[in-house]
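Okay, so here's the structure we're looking at.
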Amino acid sequence: MLKAQVFRRSFSLFNRVPASRVIRAASRNGHQTIQIQRVHIRKPLISRSLLIGTCVTSASLYAFLRWLEDDDDEGGAKSHPAKDGRPQDGKWEVVQAGDEDDDEDEDEDEDEYDDSLLFIPTGFSRPRPREFYRGSDPEWQEFVRIAPDRSRMDRVRGELVALVRSLATNNPAWERRLGKINPNAGSAWIEYTFPDGPPIEYERPGIELTEDGTLRRSTRPVHEFHHHQLSNALWPAPAATAVYDDAKRRAWRLWRNFKIYVGWEKKHSISDFNQMLSGPGGAMFPYIPKPLDSPNTKSPDPLSPSPTPPTDGGPQQRTTAPSDHSPRKDPSTTLSDATAKLTKISVPLPAVNSGILRQQYAILRQPYKPQPPRGTFLVTGLVEIIGQKARMTLDVSAAYDPRIGKFVTLDAKMRSLVNFRQEPKGGP
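Put into structure tokens, the structure is as follows:
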């Protein structure tokens, strides 16, 4: 009986058995039909080693996090004893607002921040849970006291209007545009809004190392400006939208040029534009300059009564540049010579025009607008400013602090601008 010969081929690309050797070996054993088939063995997506490594890593990470939680629970139980004097193992003590130990808790939190030697961030900044004013908060008590006082609210309204108009009077740009501003003229519409809670705060999670060498999870406060900048850097929606609009405009222009190139669309030349202007509506344009056909071609003088068109004649009809001894040079000839010199110089032009891109980005970009501070209420409305040449309406938003009796923030945007004298743009 004949036994099939088995060749143990390696999986290396460089140590494979040649096909000729396989054929010769098979012919020596009496095989008449030779069939060689190459196969590709795919590595399984989930292997035994991957499962074992994932399980070991997950178990180690879970044990490490439980160890951190146990250390935090022990530290919290020791620092916050129960009411009966015994510490509560494995539980956090919930401290209600208005307790007698609030100041002590704040001091302990400050001591914890002071005891930390190293803080390692483990994520990006995030907003803290929203808080709301309670009836016992001093900020809410101040709102309740000032809201029914109509004389105080009218005084706040007058202070805002006077502040906005004084800023407009001291601004040279607005004074040039509006003329001399009357600070006592104009109307105003003012509204008051009392917030439901303090501004949203932001924090960053991480792991800190204390002086005694223990690790614990903690958070650090982050300023809202830094959070806003980081959000714009990680999610640049205005920049992406501006780039998309600019790319779409350029692609549409390339497609239009392609249609003109293949003959699907007619290209509008300057002569078609001149014919359109020379029609019934083109009487206001007495002279329309034409492009230069050649650097050596003399263009007709627009002031001459009977201009002579250039002809393609012999060398006697070609116009040459005047000599340096001539008392006066023809401006058209000088322009043609300058054009001829410029055609010989290859000046690299910018390939990308970023003006429209920057303009679109400036429109879409949302500038940073800080939140009103804690204990302030919003004063919004419309303030009209009247000058000698025009009047302007501003959309005003300000934050008033009743404890100090001043405006702490002010934001004004132009809503409308109307000239007292408006001339027709179409002509007389």
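For the sequence shown, numbering that gives the first Met the number 0 puts the final residue at 427, and the numbers step up evenly by one. Note that beta-carbon positions come from the ideal geometry of N, C-alpha and C, so glycine has one too. Since we're looking at a predicted model, the values are computed, not measured.
Considering residue 173, what are the terminal residues of the alpha helix (DSSP H) in which it resides? 171-177
With the cut-off set at 8 Å, would you say residue 264 and residue 255 are in Cβ contact? yes
Going by Cα to Cα distance, which pick from 55, 374, 18 and 36 is closest to residue 193? 374
Contact test: residue 399 Cβ vs the ligand MN heavy atom, cutoff 7 Å: Looking at this structure, you won't find the ligand MN or any other ligand, since it has none at all.
Determine the contact status of residue 223 and residue 191, defining contact as a CB-CB distance below 8 Å. no
If I'm right that residue 145 touches residue 205 with Cβ under 8 Å, what's the distance once you round it to whole angstroms? With a Cβ gap of about 41 Å, residue 145 and residue 205 do not count as contacting.
Euclidean distance between Cα positions of residue 52 and residue 230: 35 Å
Alpha carbon to alpha carbon, what distance is there between residue 228 and residue 235? 10 Å
How would you call residue 124, buried or exposed, if buried means at least 16 neighbouring beta carbons within 10 angstroms? buried
The beta strand (DSSP E) enclosing residue 136, as first and last residue numbers: Careful: residue 136 lies outside any beta strand (DSSP E) and carries neither H nor E.
Please work out which residues of its chain come closer than 8 Å, Cβ to Cβ, to residue 388, disregarding the five sequence neighbours upstream and downstream, and give them in chain order. 176, 177, 178, 418, 419 and 420
Exposed or buried, which one is residue 63 when buried takes at least 16 other CB atoms within 10 Å? exposed
How do the segment 402-409 and the segment 207-227 stand: do at least 3 beta-carbon pairs fall below 8 Å, yes or no? no
Once you ignore the five residues that flank residue 151 on each side, which residues in its own chain have a CB closer than 7 Å to its CB? 145
Alpha carbon to alpha carbon, what distance is there between residue 396 and residue 195? 17 Å
Indicate whether residue 377 and residue 411 have their beta-carbon atoms separated by less than 8 Å. no
Measure the alpha-carbon distance for residue 394 versus residue 163 and round it to whole angstroms. 10 Å
If we count the other Cβ atoms within 10 Å of its Cβ and call it buried at 16 or more, is residue 386 buried or exposed? buried
Whole-angstrom C-beta distance between residue 127 and residue 199, which should lie under 8 Å: 7 Å
Going straight from the alpha carbon of residue 122 to that of residue 55, what length do you get? 24 Å
Out of curiosity, what's the CA-to-CA distance linking residue 331 and residue 250? Low per-residue confidence applies at residue 331: pLDDT is 46, beneath 50, and the placement is therefore not dependable, though the value from the model is reported in the following sentence. For residue 331 and residue 250, the distance between alpha carbons rounds to 39 Å.
Please report the distance separating the alpha-carbon of residue 203 from that of residue 372. 21 Å
Just how far apart, CA to CA, sit residue 155 and residue 357? 40 Å
Member of 148, 247 and 173 whose CA lies at the smallest distance from the CA of residue 401: 148
Just to confirm, is the Cβ distance from residue 392 to residue 415 under 8 Å? yes
Buried or exposed (CB count within 10 angstroms, at least 16 for buried), residue 186: exposed
So who's on the other strand from residue 389, going by DSSP bridges? 418
Quick check on DSSP: helix, strand or coil for residue 196? coil
Run through the segment 186-248 for me and flag every whole beta strand (DSSP E) of 3 or more residues, listed as ranges in chain order. 187-192, 201-209 and 214-221
In terms of residues, what are the limits of the beta strand (DSSP E) holding residue 116? 115-120
Can you round the beta-carbon distance between residue 207 and residue 117 to whole angstroms, since I take them to be within the 8 Å contact cut? 7 Å
Cα separation between residue 67 and residue 48? 29 Å
What is the rounded straight-line gap between the Cα of residue 409 and the Cα of residue 423? 37 Å
Residues in the same chain with beta-carbon distance under 6 Å from residue 259, minus the five sequence neighbours each way, listed in chain order, please. 266
By how many angstroms is the C-alpha of residue 242 removed from the C-alpha of residue 346? Here the model assigns residue 346 a pLDDT of 42, short of 50, so the residue's position is not dependable and the matter cannot be decided.
Which of helix, strand or coil does DSSP assign to residue 426? coil
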